[in-house]
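Numbering (this note's numbering), first residue to last: 6 to 296.
Here the structure is laid out as structure tokens; the discussion comes afterwards.
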Amino acid sequence: MVERRAAPRPRRRRDRRVSNFLAERGGVAMSFRPTLVAAALLALAAGLWMHGSLRAREQRARKEWELVEILVAAEDVEEGEPIRARQVVAAEMPARFVSDSMVRPAHADTIVGQRVLVPLRQGDPILWSHFRSAPDEGRLSERILRRTRAVTVNVTERSSVGGFIQPNDHVDVLATFRDPGSQEMVTVTLLHNVVVLATGRASDRDSSWGRGYSEVSLLVLPEEAELLVLAQELGNITLVLRHPDEVDLDHDRGRATVQTLLTGERSRALERMRRETVQVIRGNRTAGLGE
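What follows is the structure, encoded as structure tokens:
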């Protein structure tokens with residue numbers, strides 16, 4: 006009797022499944038490789054950036070603590086006194102505490118001779134704001150009102166009240182010249198209550214104090230500037246200082262000639278007016294000159 010055995014089942018289908026499974030797993034693995042490479046590159050870049058950032062921060066911190074030189078007061082300086090070379094000295098300070106407002110040793114010559122606006126104590130850092138230097142005064146054009154002009158007239162000590170006229174004062178302008186028609190010398194009050202913009206190159210009282218000058222800049226109307234320029238060509242200009250509170254324009258323009266001096270009529274009338282106007286302060290009491 007012949008033994009019968011079951012025929013083996015075909016393994017082709019199972020082998021195909023295994024192949025497909027392995028192929029799929031291999032494809033997944035292949036697809037993960039670019040992602041892993043990109044992640045590694047990003048991690049490397051992040052590490053390099055962090056390292057560079059930390060180094061830069063460390064360098065900045067180290068630089069902030071580097072010592073730089075500034076100027077400090079070598080001794081006490083009182084308000085209003087001019088700075089002298091022996092009163093300033095260089096000192097070191099960490100850079101993180103130094104600002105542009107502090108004066109460096111390279112600019113020592115710029116501040117020597119300038120008056121301080123505040124008292125300084127020994128060791129105090131010297132700041133640009135302690136002075137009112139020419140660059141800090143601002144542009145003169147910024148102080149000119151709209152529809153007005155600045156014009157400069159030449160003066161002497163005698164024609165500027167002994168040099169006591171300062172910026173922001175109010176003055177009257179007198180012109181002395183020879184009358185082209187009569188050839189007679191005449192002095193006229195050309196302008197009343199004119200504001201002084203600058204004396205020399207100083208445009209404020211603090212910077213002008215103690216400085217000599219030979220020019221005064223006035224704030225006038227354009228038409229008044231024409232009169233001033235012509236008057237300077239014809240003769241001399243004299244500035245008369247006014248009281249700061251007297252801003253009224255209630256006086257007529259005066260005119261004086263040689264004949265006025267000789268007759269004396271006008272002088273007597275003006276003397277009576279002066280006695281009624283001018284007051285002499287005696288303690289807390291005021292009295293007319295005629296009393």
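Here a beta-carbon is modelled for each residue, glycine too, at the ideal position from N, C-alpha and C.
These numbers were taken from a predicted model, which means no experiment stands behind them.
Residue i (DSSP reduced to helix, strand or coil)
i: S222; result: strand
i: L49; result: helix
i: A155; result: strand
i: G240; result: strand
i: H248; result: coil
i: T115; result: helix
i: P172; result: coil
i: L150; result: coil
i: V234; result: helix
i: T181; result: strand
i: V160; result: coil
i: A207; result: strand
Strand pairing of residue i, partner residues [DSSP]
i: M98; result: V73
i: M107; result: L132
i: T40; result: None; T40 has no bridge partner.
i: P87; result: R120
i: A78; result: V93
i: L125; result: V82
Host beta strand (DSSP E) of residue i (start-end)
i: L202; result: 190-204
i: R298; result: Examination of residue 298 is not possible in this model, given that the chain is present from 6 through 296 alone.
Nearest neighbour of residue i, chosen from the options [CA to CA]
i: G217; options: A78, T243, Q171; result: Q171
i: H175; options: G128, L145, V245; result: V245
i: A207; options: R126, E97, R144, A111; result: R144
i: T204; options: G168, M190, L233, V191; result: G168
i: N198; options: V191, V178, T262, G186; result: V178
i: R152; options: W70, L59, A230; result: A230
- Check whether the region 154-162 touches the region 222-230, counting contact only when three or more Cβ pairs, one atom from each stretch, lie closer than 8 Å. In short, these stretches touch, since the Cβ pair count reaches three.
- May I ask you to verify whether the region 84-103 touches the region 40-49, counting CB pairs closer than 8 Å and requiring at least 3? Pairwise C-beta distances place the region 84-103 out of contact with the region 40-49, as fewer than three of them are shorter than 8 Å.
- Count the C-beta pairs between the region 233-249 and the region 179-194 that are closer than 8 Å, then say yes if the count reaches three, no if not. Because the criterion of three Cβ pairs below 8 Å is met, the region 233-249 and the region 179-194 touch.
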